[in-house]
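Numbering (mature numbering (1 follows the signal peptide of the UniProt record, and there is no 0)), first residue to last: -25 to -1, 1 to 268. Backbone N, C-alpha and C fix where the C-beta goes; we use that ideal spot for every residue, glycine too. Reading through the structure tokens given below for one structure.
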Amino acid sequence: MKSFKAVNKIYIIVLSIFIITPALAQTNIEAPKGRIAIVADGNSPDPDDLGGTAISIALLRAAGLEDRLVHYSHSCDLVRDDRISEQAEKERHHLMQVTCDMTARRWGGFNHLTFYDAIWQKEETINDLCWAINASTKDDPLWIIEAGEPDIIGMALKKTPKEKHNYVKVVTHHPANDNAGDFYTWQQILDFGIEEVRIPDQNINLKLDHEQWDWAKNHEDPRIRLVWTIGNIAEIDNIVNFQKGKWDCSDAGMVLYWITGANVNDGLKAGSLDVVKNLLEDYITNNPESKKE
């Protein structure tokens, strides 16, 4: 009997491996029709947008959807919080810009895009998002990822024709973003007639203990190590304490949701480290960097 139980246990374990492994390895890339825009903060006290931005850019490249990113802006927290000093605020603007530009350059594929600072380039940021909204149609909608306060989104919606708002969808995962606006409430954003696409809090699966990202820290490919380094800056930031010991790319969960189908093709509402890791490593394996002499 003991022998039978042991064999049966081994069989169950082996069967589980065959069931689970393909599910992880075969993450479906089924982005819905349309384009994607991302509005992030990163200049606010919470530095999680550093890791979130790096992972979002890398995921879009890994999924072969980089050409469908038509707007990326950061530092959308338009009124400085007293918890962050003027000097630290300035540092964050620079860090977010470097995160955008360097990740895009190292992963490639984003030469069509300018990454805007929503405060330092406010007019250009709003106009660029307006352009993306105005280009929207039934067959080519715009999916806006709300990875920060909603004010920039509201300002762009105000400047664009109401009929275009029928083709705008705003993806959100946390009321802390929705309700943090200094100029627009979340209800006012909804009143423009956009479609709200809400998924669960992505911090649950994508704000993890730091050591769970050691695979990226020690990776042989510098593109993966770059992503880890950027997220590590957020962990060692001394403005807030709730990032201590954590590697956080929670906002990238909304991008992962869109990449895998959103609410059209049943996208992943609960993104995970395993899925992120597999997508990035598959791309790295299939697209090795050329060796420089």
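Whether W118 touches I30 by CB criterion (8 Å): no
If we ignore side chains and look at the alpha-carbon of each, how far apart do G39 and A33 end up? C-alpha separation (whole angstroms): 10 Å.
Sequence-distant residues of its chain with Cβ nearer than 6 Å to I(-7) (five each side left out): At I(-7) the pLDDT is 37, less than 50, meaning the model places this residue with poor confidence; the figure from the coordinates comes in the next sentence. Nothing listed; no residue qualifies.
I'd like the span of the alpha helix (DSSP H) that includes D76, first residue to last. 61 to 82
Sequence-distant residues of its chain with Cβ nearer than 8 Å to Q187 (five each side left out): The beta carbon of Q187 lies closer than 8 Å to those of W222, L248 in the same chain, with the five residues before and after it left out.
Can you tell which of F167, A131, Q162 has its C-alpha closest to the C-alpha of N141? F167
Tell me the DSSP secondary structure of R55 in three-state form. In the structure shown, R55 adopts coil according to DSSP, grouped into three states.
Rounded to whole angstroms, how far is the Cβ of D120 from the Cβ of V14, which I believe are closer than 8 Å? What sits at residue 120 in the sequence shown is Ile, not Asp. V14 and I120 do touch by the CB rule: their CB atoms are close to 7 Å apart, below 8 Å.
Rounded to whole angstroms, what is the Cα-Cα separation between A122 and E256? Taking C-alpha positions only, A122 is separated from E256 by approximately 24 Å.
Please name the residue in D57, I234, I174, K65 whose C-alpha comes closest to that of P7. I234
The alpha helix (DSSP H) enclosing L255, as first and last residue numbers: 248 to 261
Can you tell me whether S(-23) is buried or exposed? The criterion is at least 16 other CB atoms within 10 Å of its CB, across all chains shown. Since pLDDT at S(-23) reaches only 48, below the 50 mark, its modelled position is unreliable, and no value is offered.
Would you call the CB atoms of C51 and A93 closer than 8 Å? yes
When DSSP labels each residue in this structure, what does W233 get in the three-state scheme? helix
Rounded to whole angstroms, what is the Cα-Cα separation between N102 and R200? 34 Å
Spell out the partners DSSP gives E121 in its beta bridges. V14
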